[in-house]
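Same order as they appear, the protein sequences are chains H and S.
Under this note's numbering, think of the first position of the first sequence as 1, with each following residue one higher.
Under this note's numbering, think of the first position of the second sequence as 1, with each following residue one higher.
For every residue, glycine included, the Cβ atom is placed at its ideal position computed from N, Cα and C.
Since the model is a prediction, treat every value here as computed from it, not as a measurement.
Data block below; observations after.
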Amino acid sequence: MSLLNTKRTFGWVARALHWIVAVATIGLFLLAIWYRSLDYGHPWYTAAPELHISIGFALILVILFRLIWLLFNVKPEHLGHNAVINRMAGLMHWALHLLLIALVITGYLYATADGRSASVFGVIEIPALPGAKSLKGTIGWLHEYLSYGIIIFASVHGFAALKHHFVDRDDTLRRMVSGGRTPLTEHDQQETTQ
Amino acid sequence: MTMTLRPLAMGIALVMGMTSAVQADDYAIDVKGAHASINFTANHLGFSFVTGRFDDFDGSFTFDPENPEASSVSVEIDTGSVNSNHEARDKHLRNDDFLNVDAHPKATFESTKVEVTGEKTAKITGDFTLNGVTNPLTLDVEYIGGGDDPWGNYRQGFVGTTSIDVSDYNFKKDYGNIDLTLHVEGIRK
Numbered sequence: 001m002s003l004l005n006t007k008r009t010f011g012w013v014a015r016a017l018h019w020i021v022a023v024a025t026i027g028l029f030l031l032a033i034w035y036r037s038l039d040y041g042h043p044w045y046t047a048a049p050e051l052h053i054s055i056g057f058a059l060i061l062v063i064l065f066r067l068i069w070l071l072f073n074v075k076p077e078h079l080g081h082n083a084v085i086n087r088m089a090g091l092m093h094w095a096l097h098l099l100l101i102a103l104v105i106t107g108y109l110y111a112t113a114d115g116r117s118a119s120v121f122g123v124i125e126i127p128a129l130p131g132a133k134s135l136k137g138t139i140g141w142l143h144e145y146l147s148y149g150i151i152i153f154a155s156v157h158g159f160a161a162l163k164h165h166f167v168d169r170d171d172t173l174r175r176m177v178s179g180g181r182t183p184l185t186e187h188d189q190q191e192t193t194q
Numbered sequence: 001m002t003m004t005l006r007p008l009a010m011g012i013a014l015v016m017g018m019t020s021a022v023q024a025d026d027y028a029i030d031v032k033g034a035h036a037s038i039n040f041t042a043n044h045l046g047f048s049f050v051t052g053r054f055d056d057f058d059g060s061f062t063f064d065p066e067n068p069e070a071s072s073v074s075v076e077i078d079t080g081s082v083n084s085n086h087e088a089r090d091k092h093l094r095n096d097d098f099l100n101v102d103a104h105p106k107a108t109f110e111s112t113k114v115e116v117t118g119e120k121t122a123k124i125t126g127d128f129t130l131n132g133v134t135n136p137l138t139l140d141v142e143y144i145g146g147g148d149d150p151w152g153n154y155r156q157g158f159v160g161t162t163s164i165d166v167s168d169y170n171f172k173k174d175y176g177n178i179d180l181t182l183h184v185e186g187i188r189k
């Protein structure tokens, strides 16, 4: 199992990071949808938002590490044959990265919008930035609508992966799950013989 | 009533043979200098109270110390400015479980009757509109004081209290009555 990415497929670190971020992001979204529906007396009424905030802060570390990892790894080449669609797929990946960064930043600012620190799993206190209170009234709204944005974008991204798997029958999804089974292409063979 | 209309109104009053030459003065609530506040208190679990305020509102009143029952008051509140010193709670208060700010960004109070109950107290009844629902509401008002301030203005100040049952205003969530306290200082126009 390869640690690093190659031009053909993802290494296991990149795959693990991708799925951790995916599960955490969708999980945080569903958690928020759920706790917003709870009655005031529900046992999870205060604990669920605290868990959302704690996981969110942990996710910041994962995202930072993932961005660093991205810098030191090649990006596997697109398996699609349409240059325009490949370009759109690449733009989608960057849009998802930017949305994630915006989500964790607004999440932090919303969690500290009272000027009070935010608790991470009851262990670490993350302080508020000076002036955090000035964002009251808009920051929660922004965090909420960015979350709808990323869910929509991630759905398009996911359906595109399923289209590669079931319609194009290529290795796009498989190489993000298991590293892929693609035999060396002519292009790769040329590369290796060079 | 604007400044330009007042002489006309006084003229009409004289022509109509009204005996009282004293006219109720118009006051603007001093929101700019923040010598006015609209505060609320909600019971928390029967253990204690949460207090908050509406940061943005405006209003005016007329007041004649010689004839207080002729007074009137009008207040308009931006419900989106609700502030309980906890943004996550305030965001919840703004949504349609409570204040429904997107659909009804303003709450208003227009007095209809002033009934003097003591030397410095009165009951002011009016139409209170909140979340698009209008109900009669009565405030217990105490006159605090008035006169020239050190900077050339003339002021009058009051405190009003009332209590509302949020189910009268179609709040989806109801955790009991909300007590309101208004500190109102007006500058004579």
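With a threshold of 7 Å between beta carbons, is residue i in contact with chain B?
i     : result
H:A16 : Absent from the structure: chain B. Protein chains present are H and S.
Can you grab the Cα-Cα spacing for the pair residue i / residue j, in whole Å?
i      : j      : result
S:L99  : S:L93  : 6 Å
S:A28  : S:P65  : 16 Å
S:D192 : H:H97  : Residue numbering for chain S in the displayed model covers 1 to 189; residue 192 of chain S lies beyond these limits and cannot be assessed.
H:G180 : H:Y145 : 35 Å
H:A132 : H:S54  : 19 Å
H:G115 : H:P127 : 8 Å
H:M92  : H:V123 : 36 Å
S:G46  : H:I63  : 43 Å
S:T108 : S:A34  : 19 Å
H:L197 : H:G90  : Residue 197 of chain H lies beyond the residue range present for chain H, which begins at 1 and ends at 194; the question has no answer from this structure.
S:A21  : S:I187 : Note that S:A21 scores 46 on pLDDT, short of 50, meaning its location in the model is unreliable and no value can be drawn from it.
S:G59  : S:G145 : 19 Å
S:G118 : S:N170 : 34 Å
H:G158 : S:D97  : 34 Å
S:F158 : S:T121 : 9 Å
H:Y45  : S:D90  : 16 Å
S:H44  : H:V120 : 26 Å
H:M176 : H:G56  : 24 Å
H:A32  : S:N85  : 21 Å
H:K163 : S:L130 : 51 Å
S:T181 : S:T41  : 8 Å
S:T51  : S:G147 : 31 Å
H:L71  : H:I101 : 16 Å
H:F29  : S:V133 : 34 Å
S:V184 : S:V73  : 11 Å
H:G27  : S:D165 : 38 Å
S:K106 : S:E76  : 7 Å
H:V13  : H:L173 : 16 Å
S:V15  : S:Q23  : Residue confidence for S:V15 is low, a pLDDT of 44 falling below 50, so the modelled location carries little weight; the figure read from the coordinates is stated next. S:V15 and S:Q23: Cα-Cα distance of roughly 14 Å.
Quick one: what's residue i bridged to in DSSP?
i      : result
S:L180 : S:F40, S:T162
S:V75  : S:G59, S:F109
H:I20  : H:I20 pairs with nothing; no bridge assigned.
S:G126 : S:S111, S:L137
S:E142 : S:T121, S:V159
S:N83  : S:R53
S:Y27  : S:F61, S:R188
H:I126 : H:A118
S:S48  : S:H44
H:V62  : For H:V62, which the question treats as bridged, DSSP gives no partner whatsoever.
S:V116 : S:A122
Looking at the structure shown, is residue i part of a helix, part of a strand, or coil, going by DSSP?
i      : result
S:G157 : strand
H:P49  : helix
S:V101 : coil
H:S155 : helix
S:Y190 : Summary: the structure shown does not reach residue 190 of chain S, with chain S confined to residues 1 through 189, and so no result is reported for it.
H:H120 : Note on residue identity: the sequence assigns Val, not His, to residue 120 of chain H. Reduced to three states, the DSSP call for H:V120 is strand.
H:K133 : helix
H:F57  : helix
H:N86  : helix
S:G147 : strand
H:V167 : coil
H:V74  : coil
S:K32  : coil
H:A111 : helix
H:K7   : coil
query = Between the stretch 138-159 of chain H and chain S, which residues of the former have a C-beta closer than 8 Å to a C-beta of the latter?
reply = Against chain S - using a Cβ distance shorter than 8 Å - the residues of the stretch 138-159 of chain H are I139, G140, W141.
request  = Assess, as a yes-or-no matter, whether the stretch 137-150 of chain H is touched by the stretch 106-122 of chain H under the definition of 3 or more beta carbon pairs within less than 8 Å.
outcome  = In this structure the stretch 106-122 of chain H touches the stretch 137-150 of chain H; the number of beta carbon pairs closer than 8 Å is three or more.
ask   = Looking at C-beta atoms only, is the number of pairs between the stretch 110-126 of chain S and the stretch 80-91 of chain S that lie closer than 8 Å three or more?
value = The stretch 80-91 of chain S and the stretch 110-126 of chain S do not touch, with fewer than three beta-carbon pairs separated by less than 8 Å.
inquiry  = Three Cβ pairs or more, each shorter than 8 Å: is that satisfied between the stretch 52-72 of chain S and the stretch 105-122 of chain S?
reply    = The answer is yes - the stretch 105-122 of chain S touches the stretch 52-72 of chain S, with three or more Cβ pairs under 8 Å.
message = Across the stretch 68-76 of chain H and the stretch 3-23 of chain H, are there enough close Cβ pairs to call them in contact, namely three or more that are closer than 8 Å?
response = By the C-beta criterion, the stretch 68-76 of chain H is judged to be in contact with the stretch 3-23 of chain H, since at least 3 inter-stretch pairs fall below 8 Å.
Within 7 Å of chain H by C-beta, residues of the stretch 31-55 of chain S in sequence order = Going along the stretch 31-55 of chain S in chain order, one finds no residue with a Cβ nearer than 7 Å to chain H.
task = Residues of the stretch 65-93 of chain S with a CB closer than 9 Å to any CB of chain H: list them in chain order, please.
result = Contact annotation: in the stretch 65-93 of chain S, residues whose CB is within less than 9 Å of a CB in chain H are G80, S81, N83, N85, H86, E87, A88, D90, K91, H92.
request  = Return the residues of the stretch 142-174 of chain S that lie within a Cβ-Cβ distance of less than 7 Å from chain H, sorted by chain order.
outcome  = Hits within the stretch: zero.
key: Proximal residues, the stretch 164-177 of chain H versus chain S, C-beta separation under 7 Å   = If the cut-off is 7 Å between Cβ atoms, the stretch 164-177 of chain H has nothing near chain S.
message = If the cut-off is 8 Å on Cβ atoms, which residues from the stretch 48-80 of chain H count as contacting chain S, listed in chain order?
response = Taking 8 Å as the cut-off between beta carbons, the residues of the stretch 48-80 of chain H near chain S are P49, in sequence order.
query = For the stretch 111-133 of chain H, which residues have a CB atom closer than 7 Å to at least one CB atom of chain S, in sequence order?
reply = Cβ contacts with chain S come from A113, D114.
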